[in-house]
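Student: Numbering of the sequence shown is given in the numbering used here, commencing with residue 29 and proceeding in unit increments. Think of the CB as a built atom: it goes at the ideal place given N, C-alpha and C, for glycine as much as any other residue. All values derive from a computational prediction rather than experimental measurement.
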Amino acid sequence: MNKNLYPWLIFFSALSAAAALLQSILHFLIGLQFFWLESFDIWFLIMNVTAFVGAILLLKYFYSQKYWFAFATGAFYSLCVFSYSILFYTILRFHQLTNFNAPLFVLTIVSGIVYAVSLMLLRAKNIRWLNAAGVYMLTIGIIMVSIHIWKNDRIAQWVTVAGSLAPLFYVMHFLSQLRKLRTDRVNVPVRKPLENLVGLAGILSFLLTLAFGVIISNECYSSIYWTNVNNKKTLELTRLCDPGIFVNGKGDILRYRLLKPLDYDPTKKYPIVISLPYGGQPETDTIRQIGGAVAALLLASDNNRRRYPAFVFIPNRPPGAAWGGIPKYPTVDSLVFEAIDGLDRQFSIDEKRRYVIGLSLGGFGTWNFICKRPDMFAAAIPVSGGGDPRLAPKAINVAVWAFHGTKDKNAPVSGSRNMINAIKSAGGNPKYTEYPDEGHNIWDKVTTTPGLLDWLFAQHRK
29 MNKNLYPWLI
39 FFSALSAAAA
49 LLQSILHFLI
59 GLQFFWLESF
69 DIWFLIMNVT
79 AFVGAILLLK
89 YFYSQKYWFA
99 FATGAFYSLC
109 VFSYSILFYT
119 ILRFHQLTNF
129 NAPLFVLTIV
139 SGIVYAVSLM
149 LLRAKNIRWL
159 NAAGVYMLTI
169 GIIMVSIHIW
179 KNDRIAQWVT
189 VAGSLAPLFY
199 VMHFLSQLRK
209 LRTDRVNVPV
219 RKPLENLVGL
229 AGILSFLLTL
239 AFGVIISNEC
249 YSSIYWTNVN
259 NKKTLELTRL
269 CDPGIFVNGK
279 GDILRYRLLK
289 PLDYDPTKKY
299 PIVISLPYGG
309 QPETDTIRQI
319 GGAVAALLLA
329 SDNNRRRYPA
339 FVFIPNRPPG
349 AAWGGIPKYP
359 TVDSLVFEAI
369 DGLDRQFSID
379 EKRRYVIGLS
389 LGGFGTWNFI
399 CKRPDMFAAA
409 IPVSGGGDPR
419 LAPKAINVAV
429 WAFHGTKDKN
439 APVSGSRNMI
449 NAIKSAGGNP
459 KYTEYPDEGH
469 NIWDKVTTTP
479 GLLDWLFAQH
489 RK
């Protein structure tokens with residue numbers, strides 16, 4: 029191997045470690061919301077291309093040194109890593125191939141363990157850092173297997189941070205190799221075309237990683253800031269709501285929060301708004317989930333409570349479940365329907381004025397609810413969601429006002445368009461607002477829509 033490429037091996041290893049460490053830290057700070065940041069797609073591509081170039085150079089080194097076992101296992105491990113990256117992105121953006129996630133994840137971990145062992149077994153002079161890399165990666169791999177078995181996500185985040193530092197062992201190895209070359213006064217052959225190509229790739233990788241690292245860090249900071257603001261509102265909403273637990277005849281449990289109308293009078297009938305929280309919140313944290321119930325936060329203001337007296341029902345998602353509308357994902361829609369019926373028996377609720385609102389995961393649930401139980405709801409506001417157009421005709425008698433951003437990468441705008449078109453084709457008359465310059469986070473735009481709440485509370489089920 030051309031020894032002039034050693035500095036670039038150091039460079040790409042260090043850059044890959046820095047990028048992976050930054051991603052791990054940001055993911056650690058904001059959780060699953062990291063994958064919904066606007067610049068994530070480009071960042072993810074840059075990080076994987078940088079890692080790919082580094083992996084190719086490392087494999088070229090193994091090949092030139094005739095480290096055949098390390099070369100073979102490293103090549104297979106790299107193939108698994110990049111295949112899993114592609115699969116991860118496909119699942120994240122298109123909700124496809126989910127059945128392959130667990131098998132490929134396990135294969136990637138196992139192949140990494142085998143590769144780590146191959147590094148540990150290397151026997152040559154001045155390769156102690158490669159041996160150390162093997163020990164480090166083996167330890168990380170064994171811990172990851174344990175985490176996969178016992179499903180401890182919190183520890184997994186810490187291990188991911190630690191795993192991002194593995195390329196630093198390659199940095200130390202090639203630094204020692206460069207020192208040895210200088211000590212031995214070895215003349216290094218020059219192959220300008222390849223070196224120039226790698227150098228150009230290195231410069232581009234550095235500039236793009238730096239630029240988008242700053243951009244995605246700023247987006248993360250903004251997310252943290254608004255999360256803190258939202259948390260204050262969430263705590264205030266929690267204070268206003270009554271906690272509740274519904275248990276059906278099968279023993280299934282649904283936790284929820286209920287906001288009652290101001291000056292509730294049981295002799296009067298009140299509408300009820302079902303506010304479905306979006307995803308990304310800890311599934312075991314019933315307080316944090318309330319922060320995803322954007323409609324409840326909107327309706328909890330003193331002005332709106334006085335202007336639109338209503339019950340607001342916020343169901344909590346059990347771990348591993350959703351509100352429906354997402355293929356091959358467990359749903360608790362029937363349990364929520366039963367809980368709503370239970371509230372009807374307990375409070376003075378106008379059964380002809382039930383409304384459902386949700387954003388993102390809650391938007392998918394909103395479409396699902398009015399398609400599954402059109403007899404239950406008078407109106408719906410699905411935001412950044414989608415559903416099965418084949419079921420949409422069932423909801424033609426439900427008043428719908430849907431919202432979506434044209435540039436939405438997390439939930440493609442086709443999800444809303446297809447549902448709206450299907451309802452129109454079946455004879456319905458839904459309202460639809462699309463924001464051409466917006467992405468996924470459009471709730472602020474929705475809340476400033478003139479007449480939105482007036483329209484909602486004017487709807488009655490026939």
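#1: Identify whether PRO131 lies in helix, strand or coil by the three-state DSSP scheme.
#2: To the nearest angstrom, how far is it from the Cα of LEU49 to the Cα of ALA42?
#3: Determine the DSSP secondary structure at ILE175, reduced to helix, strand or coil.
#4: Would you call the CB atoms of PHE62 and LEU73 closer than 7 Å?
#5: Return the bridge partner residues of PRO410 from the DSSP annotation.
#6: Compute the Euclidean distance between the alpha carbons of TYR336 and THR434, then round it to the nearest angstrom.
#7: Alpha carbon to alpha carbon, how far is GLY307 from GLY59? Give it in angstroms, no decimals.
#8: On the DSSP letters alone, give me the boundaries of the beta strand (DSSP E) that GLU462 sits inside.
#9: Mapping DSSP to helix, strand and coil, what is LYS380?
#10: Keeping to the same chain, check which residues put their C-beta closer than 6 Å to that of GLY456; ignore five residues upstream and five downstream.
#11: From LEU85, ASP416, ALA190, SER412, pick the residue whose C-alpha is nearest to that of TRP429; which is it?
#12: By the DSSP assignment, the beta strand (DSSP E) with ASP293 in it spans what residues?
#13: Ignoring anything shorter than 3 residues or poking outside the region 200-286, list the beta strand (DSSP E) runs there in chain order.
#14: Which residues does DSSP pair with TYR298 in a beta bridge?
#15: Just to confirm, is the Cβ distance from ILE243 to SER67 under 7 Å?
#16: Could you pull the start and end residues of the beta strand (DSSP E) that ILE342 belongs to?
#17: VAL81 lies in the alpha helix (DSSP H); which residues open and close that run?
#18: Just reading off the beta strand (DSSP E) that HIS55 is part of, what are its end residues?
#19: Quick test of the definition: if touching needs 3 or more C-beta pairs under 8 Å, does the region 69-83 touch the region 134-142?
#20: Which residue from ALA98, ASP280, THR188, VAL142 puts its Cα closest to that of LEU57?
#21: Can you check DSSP and say which residues form a bridge with THR359?
#22: Going by the DSSP bridge assignment, what does GLY415 pair with across the sheet?
#23: Taking just the CA atoms, how far does TYR253 sit from GLY391?
#24: From VAL142 to ILE84, what distance separates their C-alpha atoms?
#25: On the premise that PHE274 lies in contact with ILE300, defined as a C-beta separation below 8 Å, what is that separation, rounded to the nearest angstrom?
#26: Leaving aside the five residues before and after PHE104 along the sequence, list all residues of the same chain whose C-beta is less than 7 Å from its C-beta, in chain order.
#27: Would GLU264 be called buried (16 or more neighbouring beta carbons within 10 Å of its own) or exposed?
#28: Would you check if the region 345-355 and the region 288-295 touch, i.e. whether three or more CB-CB distances between them fall below 8 Å?
#29: Three or more C-beta pairs closer than 8 Å, one from the region 317-325 and one from the region 393-401: is that the case here?
#30: Taking 7 Å as the threshold (C-beta atoms), are LEU158 and ALA144 in contact?
#31: Is the beta carbon of PHE431 sitting closer than 7 Å to the one on THR394?
#32: With H, G and I counted as helix, E and B as strand and the rest as coil, what does DSSP make of ALA184?
#33: Should the region 218-232 be called in touch with the region 192-205, which here means at least 3 C-beta pairs below 8 Å?
#34: For the beta strand (DSSP E) holding GLY433, just list the boundary residues, first then last.
#35: To the nearest angstrom, report how far apart PHE39 and LEU238 are at their CA atoms.
#36: Between VAL226 and the rest of its own chain, which residues show a CB-CB distance below 8 Å, the 5 nearest in sequence each way excluded?
Tutor: Reading it off the structure:
#1: Residue numbering aside, residue 131 sits at position 103 when the sequence shown is read from its first letter. Correct three-state label for PRO131: helix.
#2: Here residue 49 refers to the residue found at position 21 when the sequence shown is read from its first residue. Here residue 42 refers to the residue found at position 14 when the sequence shown is read from its first residue. If you draw a straight line from the Cα of LEU49 to the Cα of ALA42, it is about 10 Å long.
#3: Indexing the sequence shown from 1 puts residue 175 at position 147. In the structure shown, ILE175 falls within a helical segment according to DSSP collapsed to helix, strand and coil.
#4: The count along the sequence shown starts at 1 and reaches residue 62 at position 34. The count along the sequence shown starts at 1 and reaches residue 73 at position 45. In this structure, LEU73 does not lie closer than 7 Å to PHE62 by Cβ.
#5: Sequence index remark: in the sequence shown, residue 410 carries index 382 (1-based). By DSSP's assignment, PRO410 forms a beta bridge with GLY386.
#6: Residue 336 sits at position 308 when you count from the first residue of the sequence shown. Residue 434 sits at position 406 when you count from the first residue of the sequence shown. Going by C-alpha positions, TYR336 is about 31 Å away from THR434.
#7: Stepping through the sequence shown from its first residue, residue 59 is reached at position 31. Stepping through the sequence shown from its first residue, residue 307 is reached at position 279. Roughly 11 Å separates the two Cα atoms.
#8: For this step, residue 462 is matched to residue 434 along the sequence shown. Where GLU462 is concerned, the enclosing beta strand (DSSP E) stretches over 459-463.
#9: Taking the sequence shown and counting its residues from 1, one reaches residue 380 at position 352. LYS380 falls in the strand class under three-state DSSP.
#10: As a position in the sequence shown, residue 456 is number 428, starting the count at 1. Same-chain partners within the cutoff: ILE424.
#11: To locate residue 429, count along the sequence shown from 1; it is residue 401. Checking every option, the nearest Cα to that of TRP429 belongs to SER412.
#12: Working through the sequence shown from its first residue, we reach residue 293 at position 265. Careful: ASP293 lies outside any beta strand (DSSP E) and carries neither H nor E.
#13: Those beta strand (DSSP E) runs which fall completely within the region 200-286 and span 3+ residues are 270-275.
#14: In the sequence shown, the residue the question calls residue 298 occupies position 270. Paired residues: ILE377.
#15: For this step, residue 243 is matched to residue 215 along the sequence shown. For this step, residue 67 is matched to residue 39 along the sequence shown. In this structure, ILE243 places its C-beta atom within 7 Å of the C-beta atom of SER67.
#16: Within the sequence shown, the letter at position 314 stands for residue 342. From DSSP, the beta strand (DSSP E) with ILE342 extends over 339-343.
#17: Residue numbering aside, residue 81 sits at position 53 when the sequence shown is read from its first letter. For VAL81, the uninterrupted alpha helix (DSSP H) run begins and ends at 68-92, by DSSP.
#18: As a working note, residue 55 is residue 27 in the sequence shown. Note, HIS55: premise wrong, no beta strand (DSSP E); alpha helix (DSSP H) at 34-58.
#19: They do not touch, by the three-pair rule.
#20: As a first step, residue 57 is located in the sequence shown; it is residue number 29 there, counting from the start. Closest option to LEU57, Cα to Cα, is THR188.
#21: By 1-based counting over the sequence shown, the position of residue 359 is 331. Per DSSP, the beta-bridge partners of THR359 are ALA350.
#22: Walking along the sequence shown from the start, residue 415 turns up at place 387. DSSP output for GLY415 lists no bridge partner at all.
#23: As a first step, residue 391 must be located in the sequence shown, where it is residue number 363. As a first step, residue 253 must be located in the sequence shown, where it is residue number 225. When rounded, the distance between both Cα atoms is 24 Å.
#24: Residue mapping note: residue 142 aligns to position 114 of the sequence shown, counting from 1. Residue mapping note: residue 84 aligns to position 56 of the sequence shown, counting from 1. A direct Cα-Cα distance of roughly 18 Å separates VAL142 from ILE84.
#25: Reading the sequence shown from its first residue, position 272 is the one you call residue 300. Reading the sequence shown from its first residue, position 246 is the one you call residue 274. Not quite, the Cβ-Cβ distance comes to about 14 Å (not below 8 Å), so this is no contact.
#26: Walking along the sequence shown from the start, residue 104 turns up at place 76. The residues are SER139.
#27: Walking along the sequence shown from the start, residue 264 turns up at place 236. A residue is called buried when at least 16 other Cβ atoms come within 10 angstroms of its Cβ; GLU264 does not meet this threshold and is exposed.
#28: No: the two stretches stay apart, fewer than three of their Cβ pairs being nearer than 8 Å.
#29: Touching, no.
#30: Walking along the sequence shown from the start, residue 144 turns up at place 116. Walking along the sequence shown from the start, residue 158 turns up at place 130. By the CB criterion at 7 Å, ALA144 and LEU158 fall outside the cutoff.
#31: Numbered from 1 along the sequence shown, position 403 holds the residue referred to as residue 431. Numbered from 1 along the sequence shown, position 366 holds the residue referred to as residue 394. No. Outside cutoff.
#32: As a first step, residue 184 must be located in the sequence shown, where it is residue number 156. Reduced to three states, the DSSP call for ALA184 is helix.
#33: No, because fewer than three Cβ pairs between the region 218-232 and the region 192-205 fall closer than 8 Å, the two stretches do not touch.
#34: Within the sequence shown, residue 433 is the residue found at index 405, counting from 1. It spans 427-433 - the beta strand (DSSP E) in which GLY433 sits, taken as one unbroken run.
#35: Counting from one through the sequence shown, the residue named residue 39 turns up at place 11. Counting from one through the sequence shown, the residue named residue 238 turns up at place 210. For PHE39 and LEU238, the distance between alpha carbons rounds to 14 Å.
#36: Translated into positions along the sequence shown, residue 226 becomes position 198. Excluding its 5 nearest sequence neighbours in each direction, VAL226 has C-beta neighbours in its own chain below 8 Å: LEU33, TRP36, VAL81, LEU85, listed in chain order.
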